[in-house]
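>
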Amino acid sequence: MDAYDGDGSHPELVDSATSYITGKLHKNFQAPGKRWYRLDITCDTRGVKELTLTLSRGSEEQAYAIGCGDTEADQFNIPPGDTFTAQVDAVKDGTGLVKWRLNTVARENVDGCDDDIDGCDG
């Protein structure tokens, strides 16, 4: 089973990539339109249990731990608007990959926090 499948939200793919955990992932995304954006991210590693993802837009910034080896990708919601940045810090000891997809989803399919950059109190 693919870690991206099965949530039933009918996402539309905008972009995707894979990178080695030993190299820093730093990606700026345009977020135009009316549909929400959802970043699905997962890691497959040896010797590393989690990675740190930082999402930022303007002066807002949130850091999250991404569990490696999970059967489902971690999902982060970003409302449409200005450019936002996703960054995963490089790891010196360990091997593996970070895999991510940026999708758009209809507003009614946003599950959980509406804006994971601004953050939501539990």
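Following numbering that gives the first Met the number 0, the numbering of the sequence shown begins with 0 at its first residue and continues without gaps.
Ideal placement from N, C-alpha and C gives every residue a C-beta, glycine not left out.
Just so you know, these numbers come straight off a predicted model, no measurement behind them.
Quick one: Cα of T70 to Cα of E11, how far?
On the sequence shown, residue 70 is found 71 positions in, with the first residue counted as 1. On the sequence shown, residue 11 is found 12 positions in, with the first residue counted as 1. Spanning the two alpha carbons is a distance of roughly 21 Å.
> Does R45 come out as helix, strand or coil in the three-state DSSP assignment?
Taking the sequence shown and counting its residues from 1, the one referred to as residue 45 is at position 46. Strand, per DSSP.
> Along the chain, where does the beta strand (DSSP E) containing R100 start, and where does it finish?
Here residue 100 refers to the residue found at position 101 when the sequence shown is read from its first residue. Residues T94 to V104.
> Do you know offhand how far D4's Cα is from I116's?
Indexing the sequence shown from 1 puts residue 4 at position 5. Indexing the sequence shown from 1 puts residue 116 at position 117. Here D4 scores only 47 on pLDDT, less than 50, and its place in the model should not be relied on; the value that follows carries that caveat. The straight-line gap from Cα to Cα measures roughly 23 Å.
> Report back the beta-carbon spacing between D110 and I77 to the nearest angstrom; my notes put them in contact at under 8 Å.
One-based indexing of the sequence shown puts residue 110 at position 111. One-based indexing of the sequence shown puts residue 77 at position 78. Not quite, the Cβ-Cβ distance comes to about 13 Å (not below 8 Å), so this is no contact.
> With 16 other CB atoms within 10 Å as the buried threshold, where does D88 fall?
As a first step, residue 88 must be located in the sequence shown, where it is residue number 89. D88 should be labelled exposed.
> Report the CB separation of T82 from A30 in whole angstroms; it is logged as a contact under 8 Å.
Numbered from its first residue, the sequence shown carries residue 82 at position 83. Numbered from its first residue, the sequence shown carries residue 30 at position 31. Right, the Cβ-Cβ distance comes to about 7 Å (below 8 Å), so this counts as a contact.
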